[in-house]
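Contents: one structure, followed by commentary.
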Amino acid sequence: MKERLSGNEAVATAMKQINPDTVAAYPITPSTEVPQYFSSFVANGSVDTEFIPVESEHSAMSACIGAAAAGGRVMSATSSQGLAYMFEMLYVASGLRLPIVLICANRALSAPINIHNDHSDSMGVRDCGFIQLYSENNQEAYDNTIMAIKIAEKAHLPVMVCYDGFITSHSVENIELLDTKVVREFIGQKKLDEYLLDEKRNISMGPLDVQEYYFKHRIELAEAMEQAKDIVKEVSDEFYKISGRKYDMFETYKLEDAEYGIIALNSTAGTIKDEIDELRENGIKVGLLKPRCFRPFDYINIPEALKNLKSLAILDKADSVNGFSGPLFSEITSAMYYKKLNVKTVNYIYGLGGYDIKKDDIKKVFDEIIEISKSDKEFKVKRYIYNEMEGK
Amino acid sequence: MIEIRWHGRGGQGAKTASLLLADIAFNTGKYIQGFPEYGPERMGAPLTAYNRISDTRIRIHSNIYEPDYVVIVDDTLIGTIDVLEGLKKDGAILVNTNENIEDIRKKLGGFSGKIYTIDATKISREYLKANFPNTALLAAIVKITGIMGKDELEKNMKEAFLHKFARKPEVIEPNMQVIKKAYDEVIGG
């Protein structure tokens with residue numbers, strides 16, 4: 001069905017169609033509308049979810065952990081400081097291998113306080129053991145939310161669905177919705193193996209692990225994340241059959257014959273696609289790679305897709321203060337090094353606190369990396385896409 | 393693709409107007425974007441909202457820097473902020489004002505492009521007994537852009553109002569009067 005919805009409305013609609021057992025959430029801009037819309041679905045009886053309006057995000061994730069451990073299908077939503085406040089419980093969720101789906105409308109972290117979009121929040125928790133799916137627009141946010149349920153339950157791992165705060169969360173755009181019946185058939189009933197409310201089999205979750213058990217469990221968690229790649233692909237292929245929309249670990253746009261490449265997450269990818277079309281009209285062969293899945297990360301096929309480039313720009317919407325680079329750059333260039341791929345690569349930190357990225361900015365990025373590809377001179381690796389304010 | 397930038401003040405409904413315009417353009421089969429630029433929101437503070445309307449899928453996700461149309465919800469914003477910034481040479485500006493076009497042109501520094509005016513505040517006061525100029529401006533911008541004809545506009549607005557004012561059905565008819573009046577009364581070019 002064709003609709004026009006904001007990203008938050010789209011995700012809340014997906015949640016209504018999923019009809020989870022439990023949703024526990026605490027409001028924070030720009031994801032507030034997700035639990036807000038969802039609580040109205042609870043109130044008007046269109047879902048039979050147990051909605052727990054908790055007093056903090058720490059409690060939201062704690063309640064999700066309890067409900068998921070008990071055997072429920074569980075969801076929550078947050079942003080920014082809310083995700084930061086969940087930090088310690090995120091590790092508990094993944095360590096206990098609980099298939100919780102957490103919606104993250106990406107927003108900058110304080111201080112200074114800022115409600116706008118960047119990826120500091122989800123990148124800040126990238127090592128916590130959640131699968132991370134990134135979404136270019138409302139359609140991808142909706143689709144990823146539905147797929148996340150199935151991926152989480154198959155991988156026995158929690159999943160975070162990320163999309164840009166305000167840019168996607170509050171912008172109304174066209175979208176294709178699936179029938180609720182189709183969504184429910186796709187996700188099916190949750191298959192229960194080990195859960196706390198199993199009266200036939202008593203288990204405990206989260207007791208003390210001594211050294212060798214702890215390490216073993218951490219290795220198992222890493223292996224589960226590695227194996228989740230196949231699950232992401234498998235679920236995406238199944239989703240294609242019901243929707244006609246193709247998803248994979250990453251998407252490429254006109255990259256096959258490109259000489260110059262660019263990599264970016266979420267909504268910026270759309271702006272880049274428009275600029276690529278314009279540059280190609282002038283005969284400049286440029287292409288995009290958009291990671292959809294940041295955890296697990298496709299360390300094998302991403303470098304492979306970049307191997308014919310003369311130069312590459314990797315855009316990070318999060319800084320690593322005094323790190324050699326932003327997070328996306330470090331992951332990708334490490335994988336490139338391992339594959340002995342020597343493409344000149346520049347890291348652009350952009351859009352912090354919602355600082356708008358325009359087509360012109362993308363053009364300048366391409367201009368710079370084309371220049372770098374032609375020169376033997378050393379170049380500055382980490383750059384900021386920022387124009388000094390006049391007179392301030 | 394048509395790109396529209398709305399300038400209003402917090403509380404005047406510029407954001408609602410952009411979302412309503414997206415809504416009715418969607419109903420005619422267009423691809424749409426409607427989004428406000430959230431700043432430090434306060435009643436009366438300058439606020440910007442945007443629309444993109446296209447026959448093909450819209451991928452760009454930046455703000456609008458070179459609009460085809462600018463809508464001024466509050467004419468006291470002229471001179472306060474650069475409302476003409478980036479407006480295309482063959483673009484047009486629609487102003488809610490009780491002044492005539494030549495006076496507005498002077499205030500816009502002799503702007504040589506198309507100027508349209510409508511006294512949306514007066515229309516709103518007359519039919520809605522309150523200052524909600526956004527509905528009248530919505531009808532005016534639809535006429536100027538030719539996104540849809542008057543009949544289609546009325547049909548779509550009626551549907552949108554039935555949804556939006558489901559709990560206040562008594563305000564639907566006055567708002568429909570505003571739509572009709574504003575569509576006919578907008579002048580300029």
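Here the protein sequences come in this chain order: A and B.
Going left to right, the first sequence walks through residues 1 to 392 as our numbering numbers them.
Going left to right, the second sequence walks through residues 393 to 581 as our numbering numbers them.
Positions of the beta carbon are idealized from the N, C-alpha and C atoms, including for glycine.
Which whole runs of the alpha helix (DSSP H) in the region 149-198 of chain A are 4 residues long or more, in chain order? Under the rule that a run must span 4 or more residues, the alpha helix (DSSP H) segments found entirely inside the region 149-198 of chain A read 180-187.
List the residues of chain B that His403/A touches, going by C-beta distances under 9 Å, in chain order. The structure shown does not extend to residue 403/A, since chain A is modelled only from 1 to 392, so the question has no answer here.
Bridge partners of His399/B, per DSSP? DSSP lists Thr440/B and Ile464/B as the bridge partner or partners of His399/B.
Rounded straight-line distance, which links the Cα of Leu265/A to that of Arg292/A: Going from the Cα of Arg292/A to the Cα of Leu265/A covers about 7 Å.
Counting only beta-carbon atoms, is Leu545/B nearer than 7 Å to chain A? Not a single C-beta of chain A is nearer than 7 Å to the C-beta of Leu545/B.
Can you list, in chain order, the residues of its chain whose CB lies under 8 Å from that of Glu458/B, leaving out five sequence neighbours each side? Same-chain partners within the cutoff: Glu395, Gly478, Leu479 and Lys480.
Using beta-carbon positions only, say whether Tyr350/A and Ile385/A come within less than 7 Å of one another. The answer is yes: Cβ separation under 7 Å.
Could you pull the DSSP bridge partners for Cys104/A from this structure? DSSP links Cys104/A through a beta bridge to Thr78/A and Cys162/A.
Roughly how many angstroms lie between the CA atoms of Glu226/A and Pro296/A, to the nearest whole one? So the two alpha carbons sit approximately 6 Å from each other.
Contact set for Ile276/A: own chain, Cβ-Cβ below 7 Å, skip 5 residues either direction: Same-chain partners within the cutoff: Tyr253, Lys254, Val286, Gly287 and Leu288.
So, are the CB atoms of Glu57/A and Thr78/A less than 7 Å apart? One thing to note: Glu57/A has its Cβ within 7 Å of the Cβ of Thr78/A.
Given Glu50/A, which residues of its chain have a CB within under 7 Å of its CB, disregarding the five upstream and five downstream residues? Here the set comprises Asp21 and Thr22.
Which class does Glu55/A belong to by DSSP, given the choice of helix, strand or coil? Coil, per DSSP.
List the residues of chain B that Gly270/A touches, going by C-beta distances under 7 Å, in chain order. Result: Arg451, Ile452 and His453.
Give me the chain B residues within the contact set of Lys395/A, using Cβ-Cβ distance strictly less than 8 Å, ordered along the chain. A query on residue 395/A cannot be resolved here, the shown segment of chain A reaching from 1 to 392 and no further.
Just how far apart, CA to CA, sit Asp511/B and Ala409/B? Between the C-alpha atoms of Asp511/B and Ala409/B there is a straight-line separation of about 16 Å.
Does DSSP put Arg218/A in a helix, in a strand, or in coil? Of the three classes helix, strand and coil, the one that applies to Arg218/A here is helix, per DSSP.
Quick one: grab the DSSP three-state call for Cys128/A. The answer is coil: DSSP assigns Cys128/A none of H, G, I, E or B.
Take Val487/B and list the residues in its own chain whose beta-carbon comes closer than 6 Å to its own, dropping the five residues that flank it on each side. Hits under 6 Å: Ile464, Asp467, Ile496 and Thr509.
Compare the C-beta of Arg4/A against all C-beta atoms of chain B and say whether one is closer than 7 Å. Using a CB distance cut-off of 7 Å, Arg4/A counts as an interface residue toward chain B.
For a minimum of 4 consecutive residues, which ranges assigned as the alpha helix (DSSP H) are wholly contained in the region 477-514 of chain B? Whole alpha helix (DSSP H) segments, 4+ residues: 493-499.
Mind checking the region 123-151 of chain A against chain B and listing, in chain order, the residues whose C-beta falls within less than 9 Å of any C-beta there? Glu136 and Asn137: these are the residues of the region 123-151 of chain A whose beta carbon lies less than 9 Å from some beta carbon of chain B, given in chain order.
On the DSSP bridge assignment, give the partners of Pro291/A in chain order. Per the DSSP secondary-structure output, Pro291/A pairs in a beta bridge with Phe250/A.
Look up Ala25/A in the DSSP assignment and give the residues it is bridged to. DSSP, once it has assigned bridges, lists Pro53/A as partnering Ala25/A.
Kindly indicate which three-state DSSP category Gly326/A falls into: helix, strand or coil? In this structure, Gly326/A counts as coil in the three-state DSSP scheme.
Enclosing beta strand (DSSP E) for Phe553/B [first to last residue]: Counting along the chain, Phe553/B falls outside any beta strand (DSSP E), though it belongs to the alpha helix (DSSP H) covering Lys542 to Lys556.
For His170/A, tell me which candidate among Pro158/A, Asn106/A, Ile332/A and Leu312/A has the shortest Cα-Cα distance. Answer by Cα proximity: Asn106/A.
Quick check on the burial criterion: 16 or more other C-beta atoms within 10 angstroms. Buried or exposed for Ala522/B? Its Cβ having fewer than 16 others within 10 Å, Ala522/B is exposed.
Can you tell me where the beta strand (DSSP E) with Glu3/A in it begins and where it stops? It spans Lys2 to Ser6 - the beta strand (DSSP E) in which Glu3/A sits, taken as one unbroken run.
Thinking C-alpha only, which one of Ser46/A, Leu306/A and Ile146/A is nearest Lys340/A? The closest CA to that of Lys340/A, considering only Ser46/A, Leu306/A and Ile146/A, is found on Leu306/A.
Considering Glu429/B, what are the terminal residues of the beta strand (DSSP E) in which it resides? Segment Tyr423 to Glu429, the beta strand (DSSP E) holding Glu429/B.
Spatial distance of Gly501/B from Leu411/B (CA atoms): Rounded to the nearest whole angstrom, the CA to CA distance from Gly501/B to Leu411/B is 30 Å.
Rounded Cβ spacing between Gly483/B and Gly505/B (contact assumed at less than 8 Å): In this structure Gly483/B touches Gly505/B by the C-beta definition: roughly 6 Å separates them, less than 8 Å.
What residue range is occupied by the uninterrupted alpha helix (DSSP H) comprising Thr537/B? Where Thr537/B is concerned, the enclosing alpha helix (DSSP H) stretches over Asn526 to Thr537.
From what residue to what residue does the beta strand (DSSP E) around Ser311/A run? Where Ser311/A is concerned, the enclosing beta strand (DSSP E) stretches over Ser311 to Asp316.
Which first and last residues belong to the beta strand (DSSP E) in which Val34/A is found? No beta strand (DSSP E) contains Val34/A, which is instead part of the alpha helix (DSSP H) from Glu33 to Ala43.
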